[in-house]
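Trainee:
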Amino acid sequence: MAEYQNLNLSAAHTGIFAELPIVKSATTSRVVVNNPLLRVVVFAFDTGQELTEHATPRAVIVQLNSGKMSFTIYGEESTLDAGDIVYLAPGTPHALRALEPCHLTLTLVDTAYNAE
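Note that full-length UniProt numbering numbers the sequence shown so that position 81 is 81, with each residue one more than the last.
1) Would L7 be called buried (16 or more neighbouring beta carbons within 10 Å of its own) or exposed?
2) Would you call L104 buried or exposed, if buried means 16 or more other Cβ atoms sit within 10 Å of its Cβ?
3) Could you tell me the distance, in whole angstroms, from the CA atom of G67 to the CA atom of Q5?
4) Taking C-alpha atoms, which residue in S10, P101 and A11 lies nearest to N65?
5) Out of L37, F43 and S70, state which residue places its alpha-carbon closest to the alpha-carbon of P57.
6) Do the region 8-25 and the region 79-89 touch if we need at least three Cβ pairs shorter than 8 Å?
7) Excluding the 5 residues preceding and the 5 following I61 in the sequence, name in chain order all residues of the same chain whose CB lies nearer than 6 Å to its CB.
8) In terms of residues, what are the limits of the alpha helix (DSSP H) holding I16?
9) Could you please give me the residues that DSSP links to D81 through a beta bridge?
10) Which of the three DSSP states, helix, strand or coil, is assigned to V32?
11) Can you find the residues in the same chain that come closer than 7 Å, C-beta to C-beta, to L51, ignoring five residues on each side of it along the sequence?
12) Using the DSSP secondary-structure output, state which residues sit across from E50 in a beta bridge.
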C-alpha cells in the first residue's frame with residue numbers, strides 16, 4: 001500500500017493519463033491520493049482486462065474517464081461510457097471488464113474516519 005499523505009496537504013495532480021498509458025493485455029494503476037480519509041487510484045485497462053468480483057469496507061466512487069466498460073453490481077451488469085459514474089456503498093460486491101481500452105478513477109472514502 002502507498003504511504004499515507006498529509007490530510008491537510010492540498011495538491012494538483014497533472015499529466016496522469018500521460019504517465020499511465022494503456023498497456024497491451026494489461027491493467028495498470030497509480031495511486032494519486034492516499035490519506036486516512038481518501039484513496040484515489042487511476043487505472044488503465046486494455047480491452048478484455050477485468051477485476052473479478054470483490055468488495056471493500058470503504059464507500060467507492062468510480063468514474064470512467066475514457067473508453068467503455070462492463071460494470072457488475074450484485075450480479076446486475078451495466079455498460080459504462082466515458083463520463084459515467086458509479087457509487088458503491090461499503091461492502092457492495094462488484095466486478096468490471098473493459099469492453100475497449102479505458103481509464104477510470106477510483107475514489108475510496110473511509111466513512112468511519114474521524115479526524116478528532
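Backbone N, C-alpha and C fix where the C-beta goes; we use that ideal spot for every residue, glycine too. Here the structure is a predicted model, which means the values were calculated and not measured.
Mentor: Inspection of the coordinates gives the following:
1) exposed
2) buried
3) 30 Å
4) P101
5) L37
6) no
7) Y87 and T107
8) I16 to E19
9) K68
10) strand
11) A95 and L96
12) R97
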